[in-house]
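These notes are about the structure you will find just below.
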Amino acid sequence: WLACPFQKDTHDAQMDYYGTRLATCSSDRSVKIFDVRNGGQILIADLRGHEGPVWQVAWAHPMYGNILASCSYDRKVIIWREENGTWEKSHEHAGHDSSVNSVCWAPHDYGLILACGSSDGAISLLTYTGEGQWEVKKINNAHTIGCNAVSWAPAVVPGSLIDQPSGQKPNYIKKFASGGCDNLIKLWKEEEDGQWKEEQKLEAHSDWVRDVAWAPSIGLPTSTIASCSQDGRVFIWTCDDASGNTWSPKLLHKFNDVVWHVSWSITANILAVSGGDNKVTLWKESVDGQWVCISDVNKGQGSVSASVTEGQQNEQ
Amino acid sequence: MEELDGEPTVTLIPGVNSKKHQMCFDWGPGEMLVCETSFNKKEKSEVVPSCPFIYIIRKDVDVYSQVLRKLFNESHGIFVGLQRIEEELTGKSRKSQLVRVSKNYRSVIRACMEEMHQVAIAAKDPASGRQFSSQVSILSAMELIWNLCEILFIEVAPAGPLLLHLLDWVRLHVCEVDSLSADVLGSENPSKHESFWNLPGNTQTLTELELKWQHWHEECERYLQDCTFASNPHLESLCKIMLGDEAALLEQKELLSNWYHFLVTRLLYSNPTVKPIDLQYYAQSSLDLFLGGESSPEPLDNILMAAFEFDIHQVIKECSIALSNWWFVAHLTDLLDHCKLLQSHNLYFGSNMRECLLLEYASGLFAHPSLWQLGVDYFDYCPELGRVSLELHIERIPLNTEQKALKVLRICEQRQMTEQVRSICKILAMKAVRNNRLGSALSWSIRAKDAAFATLVSDRFLRDYCERGCFSDLDLIDNLGPAMMLSDRLTFLGKYREFHRVYGEKRFADAASLLLSLMTSQIAPRSFWMTLLTDALPLLEQKQVIFSAEQTYELMQCLEDLTSGRPVHGGPDTQQCQDDDIETTKVEMLRLALARNLARAIVREGSLEGF
Chain A
1 WLACPFQKDT
11 HDAQMDYYGT
21 RLATCSSDRS
31 VKIFDVRNGG
41 QILIADLRGH
51 EGPVWQVAWA
61 HPMYGNILAS
71 CSYDRKVIIW
81 REENGTWEKS
91 HEHAGHDSSV
101 NSVCWAPHDY
111 GLILACGSSD
121 GAISLLTYTG
131 EGQWEVKKIN
141 NAHTIGCNAV
151 SWAPAVVPGS
161 LIDQPSGQKP
171 NYIKKFASGG
181 CDNLIKLWKE
191 EEDGQWKEEQ
201 KLEAHSDWVR
211 DVAWAPSIGL
221 PTSTIASCSQ
231 DGRVFIWTCD
241 DASGNTWSPK
251 LLHKFNDVVW
261 HVSWSITANI
271 LAVSGGDNKV
281 TLWKESVDGQ
291 WVCISDVNKG
301 QGSVSASVTE
311 GQQNEQ
Chain B
1 MEELDGEPTV
11 TLIPGVNSKK
21 HQMCFDWGPG
31 EMLVCETSFN
41 KKEKSEVVPS
51 CPFIYIIRKD
61 VDVYSQVLRK
71 LFNESHGIFV
81 GLQRIEEELT
91 GKSRKSQLVR
101 VSKNYRSVIR
111 ACMEEMHQVA
121 IAAKDPASGR
131 QFSSQVSILS
141 AMELIWNLCE
151 ILFIEVAPAG
161 PLLLHLLDWV
171 RLHVCEVDSL
181 SADVLGSENP
191 SKHESFWNLP
201 GNTQTLTELE
211 LKWQHWHEEC
221 ERYLQDCTFA
231 SNPHLESLCK
241 IMLGDEAALL
251 EQKELLSNWY
261 HFLVTRLLYS
271 NPTVKPIDLQ
281 YYAQSSLDLF
291 LGGESSPEPL
301 DNILMAAFEF
311 DIHQVIKECS
321 IALSNWWFVA
331 HLTDLLDHCK
341 LLQSHNLYFG
351 SNMRECLLLE
361 YASGLFAHPS
371 LWQLGVDYFD
381 YCPELGRVSL
391 ELHIERIPLN
401 TEQKALKVLR
411 ICEQRQMTEQ
421 VRSICKILAM
431 KAVRNNRLGS
441 ALSWSIRAKD
451 AAFATLVSDR
461 FLRDYCERGC
471 FSDLDLIDNL
481 GPAMMLSDRL
491 TFLGKYREFH
501 RVYGEKRFAD
511 AASLLLSLMT
521 SQIAPRSFWM
531 TLLTDALPLL
541 EQKQVIFSAE
551 QTYELMQCLE
561 DLTSGRPVHG
571 GPDTQQCQDD
581 DIETTKVEML
591 RLALARNLAR
601 AIVREGSLEG
611 F
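Chains A and B, in that order, are what the protein sequence lines are. For what it's worth, the UniProt record's numbering labels the leading residue of the first sequence as 1, then goes sequentially. For what it's worth, the UniProt record's numbering labels the leading residue of the second sequence as 1, then goes sequentially.
In structure tokens form, the structure reads like this:
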């Protein structure tokens with residue numbers, strides 16, 4: 001593991017699809033974009049527009065261009081776009097009554113769709129319809145007290161994956177998961193009429209759910225969701241799609257402090273957890289189905305461990 | 001991966017101050033993890049000033065080393081070669097071929113070591129020099145372990161040759177010459193030694209050998225007991241050594257660089273025909289005696305011990321923990337799997353250990369701007385999850401140049417990864433559209449077989465034409481061929497361009513029918529009809545009659561369709577009024593031209609008939 005010092009004062013950071021750019025957001029209300037190719041750190045853009053601390057950023061799929069979404073305490077969601085080398089505000093969504101805590105882009109197969117979770121308990125879904133227009137659908141009272149996290153399920157075409165005749169869009173079943181202050185994780189599904197319906201309620205946490213992460217698909221018939229909470233617990237939920245809609249939780253670990261964030265690696269074989277004790281731990285499922293911690297990334301004083309030296313850093 | 005017995009390694013980040021701050025993170029495609037800190041209050045309304053940094057953490061930094069890159073490249077060739085000849089590996093030659101592969105891997109490691117050593121010597125500053133030197137010792141350790149595995153697991157040396165192999169192994173890796181052997185050769189019974197070790201001819205069986213050795217051993221013991229060497233303590237200790245007396249050997253500890261050197265020396269003198277299964281007992285006691293309770297075993301010692309115990313899984317496990325990248329365990333495990341030595345060991349993804357390690361290694365390669373191509377082949381040889389892993393990784397390769405994009409696409413097309421082809425082409429097509437390279441956008445959407453996008457690009461072409469009066473990328477449009485059928489709009493674009501071409505060749509009659517068919521066949525978008533009709537004007541104004549009466553009637557019908565469907569524009573907007581005026585004038589002109597043409601056509605046709 002190599003660590004290189006970067007930048008101060010942020011709440012969230014996200015790599016773009018290719019790992020060439022990094023977007024960060026901060027309590028100073030800014031959204032910054034850096035070019036991080038070849039170990040460099042060049043500031044490309046400093047985007048201002050929010051009137052409060054910015055909680056999260058999310059990159060859209062590159063086929064739609066360079067698009068970034070950000071959400072903030074100021075109750076707004078802003079969509080930024082790069083045109084001709086400059087970043088500008090492309091759209092602003094002010095449909096919430098309270099802080100917007102989480103934004104997540106849907107799988108690119110569905111189009112350009114953004115889910116936003118807010119402290120007013122609602123989840124809004126913004127769909128780009130062309131010519132700079134966004135259509136809004138709102139799920140009111142998705143979670144009582146507030147919604148803290150949203151995460152989309154990977155796109156899976158029902159039935160066989162044979163080439164669809166040209167011009168015809170395959171019938172995707174769109175789903176996403178949300179976590180809220182009601183200690184629940186809810187799974188939402190889009191009905192044929194375009195309305196979103198609560199499909200499942202996953203109960204296991206005893207305090208606010210801070211983050212949910214739906215694992216990428218690796219072609220297996222099971223679906224997996226990770227959730228973490230104020231109660232210090234991280235659960236792995238699995239559903240055997242063949243049987244239907246039964247989700248079973250497995251406790252990954254009980255930490256001593258609130259767990260803020262869970263995230264899957266792109267091939268879904270490692271789960272990273274930002275846990276208590278100021279550590280990021282990495283977990284993998286072992287032979288017998290138990291989850292094992294494979295690495296600790298600890299923030300603390302002192303130098304980086306012996307396997308990494310500055311020399312290696314310079315070599316890049 | 002199996003359960004870990006020990007604590008996971010902790011990587012400290014040179015962060016700042018207190019334990020108050022939380023960390024959060026994100027995964028990048030190349031397994032880069034971004035860690036930074038934020039505050040940890042439940043109520044996000046409070047803003048706690050945090051001062052720490054963001055860190056980008058990368059695994060597999062080795063991928064970026066120039067010298068190691070050669071290792072990756074060359075071992076890739078060996079790996080692929082091994083997978084390919086698998087079917088041909090049969091019978092007696094199988095083992096020798098596998099040994100050859102093993103030796104190939106080892107020579108690649110040694111070559112890399114050599115080069116790294118040169119780099120270390122030439123290093124400008126002592127810090128990087130030290131770092132390269134430590135890489136050299138890591139490579140040396142890898143070769144040491146691999147060599148031992150080759151002897152024990154692949155060569156499967158039986159008793160007799162086993163010790164010879166081990167002797168070679170130690171000699172190769174120990175810097176100092178085996179000075180003890182030198183001493184022994186210069187001792188009292190050189191002839192006995194020389195003939196004794198004349199094994200290459202291999203005319204003796206193991207039993208014969210053992211008998212001979214027993215005889216010699218007894219003779220030495222007798223000399224000792226008879227105090228033949230009493231007068232000479234040096235010779236006496238030499239004799240003891242030759243009898244494999246551990247204490248005597250240990251007295252010469254400074255000549256033995258490590259415990260396995262001690263082990264092999266000991267075996268040489270006490271039990272040269274040691275059987276493989278007994279090896280572990282000698283190994284364990286050698287380790288214990290050599291360390292003498294002063295120090296504890298290092299990771300390397302544990303790995304070697306596991307090998308002596310023929311515990312392959314333990315060897316792989318310990319190596320995975322000790323080494324900083326997956327290269328070693330991935331390739332060694334794959335080779336051992338070909339030797340049919342690994343039990344099927346089902347892991348979470350349903351794949352076995354070999355595949356699991358190869359997947360890890362290949363994933364690491366994808367972090368590198370050019371080594372990712374090697375990774376593709378490794379994924380290809382992972383039957384369970386290789387394909388889906390490749391699909392997930394290949395989409396994340398930044399497509400900086402057209403060349404790279406084409407390379408990636410070719411790889412996807414060869415493997416019928418249609419989803420990925422479509423996705424990548426779409427990304428490139430969109431990028432081209434944004435940069436106004438419509439021809440490029442069109443060819444990408446054709447390659448992606450993306451009808452919707454082809455329609456979009458075709459519309460842009462047509463709009464451009466309306467604005468500028470000419471087409472860009474004529475070559476492309478003229479040579480669409482069957483691809484034209486991808487979308488109606490694209491077909492229209494192709495046909496419309498054909499109309500212009502035919503008109504340019506002065507084949508007016510053909511141009512006229514083509515133009516008419518574009519409208520009547522409904523493939524022309526309604527918004528374009530006015531343009532088409534306007535295009536008809538020069539044909540209507542020609543001296544000779546081009547459109548027949550029937551064709552003229554059809555054109556008039558189209559015009560009426562168009563004008564009747566138009567909403568009445570009324571209103572204060574002056575620009576709108578001006579546009580309306582232009583429109584009205586055009587329509588008037590067309591009506592006049594059509595009427596005139598109709599008249600002439602009727603006359604001409606009437607005359608001909610009358611003939």
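In this text, a Cβ means the ideal position worked out from N, Cα and C, and glycines have one as well. All values reported here derive from a predicted model rather than from experimental measurement.
Determine, using beta carbons only, whether residue i comes closer than 9 Å to chain B.
| i | result |
| --- | --- |
| A/SER223 | no |
| A/SER151 | no |
| A/HIS253 | no |
| A/ILE236 | no |
| A/HIS143 | no |
Find out if the Cβ-Cβ distance for the pair residue i, residue j is shorter than 9 Å.
| i | j | result |
| --- | --- | --- |
| B/TYR282 | B/ARG266 | yes |
| B/ALA330 | B/TYR361 | yes |
| B/LEU493 | B/ILE477 | yes |
| B/LEU537 | B/LEU518 | no |
| B/GLU550 | A/TYR17 | no |
| A/ASP182 | A/THR144 | yes |
| B/GLU150 | B/SER102 | yes |
Specify, as a first and last residue, the run of the beta strand (DSSP E) that residue i falls within.
| i | result |
| --- | --- |
| B/LYS124 | From DSSP, B/LYS124 is part of no beta strand (DSSP E); its letter is neither H nor E. |
| A/CYS116 | 113-118 |
| A/ASN148 | 147-152 |
| A/ASP240 | 233-240 |
| A/TRP214 | 209-214 |
| B/GLU384 | Unbroken run through B/GLU384: none, as it is neither H nor E. |
| A/PHE34 | 30-35 |
Compare the C-beta of residue i with all C-beta atoms of chain A and state if any pair is closer than 9 Å.
| i | result |
| --- | --- |
| B/LEU385 | yes |
| B/PRO398 | yes |
| B/ARG460 | no |
| B/SER389 | yes |
| B/SER423 | yes |
| B/HIS393 | yes |
If you draw a straight line from the C-alpha of residue i to the C-alpha of residue j, how long is it?
| i | j | result |
| --- | --- | --- |
| A/LEU47 | A/ILE294 | 37 Å |
| B/VAL388 | B/ARG415 | 11 Å |
| A/ASN245 | A/CYS239 | 7 Å |
| A/ARG233 | A/CYS71 | 26 Å |
| A/GLY65 | B/GLN557 | 44 Å |
| A/ALA58 | A/LEU114 | 9 Å |
| B/ASP226 | B/GLU219 | 10 Å |
| A/ALA215 | B/TYR378 | 24 Å |
| A/GLY52 | A/THR24 | 15 Å |
| B/GLY91 | B/GLU246 | 42 Å |
| B/ALA120 | B/HIS368 | 24 Å |
| B/LEU562 | B/ILE424 | 40 Å |
| B/LYS586 | A/ASN140 | 54 Å |
| A/PHE235 | B/ARG463 | 54 Å |
| A/GLU83 | B/ARG434 | 8 Å |
What residue from the options has the CA that sits closest to residue i's CA?
| i | options | result |
| --- | --- | --- |
| A/ARG210 | A/LYS197, A/ASN171, A/SER263 | A/SER263 |
| B/LEU250 | B/GLN66, B/ILE138, B/PHE290, B/SER445 | B/PHE290 |
| A/THR267 | A/SER217, A/HIS253, A/TRP196, A/SER229 | A/SER217 |
| A/HIS91 | A/ILE79, A/SER98, A/LEU220 | A/ILE79 |
| B/SER257 | B/LEU442, B/GLY504, B/GLU498, B/SER286 | B/SER286 |
I need the boundaries of the alpha helix (DSSP H) containing residue i, first residue and last residue.
| i | result |
| --- | --- |
| B/TYR361 | 353-365 |
| B/LYS495 | 488-504 |
| B/GLN314 | 312-322 |
| B/TYR281 | 279-291 |
Does the beta-carbon of residue i, which I'm using as the reference point, lie nearer than 8 Å to any heavy atom of the ligand COA?
| i | result |
| --- | --- |
| B/LEU409 | Although the ligand COA was asked about, the structure shown includes no ligands whatsoever. |
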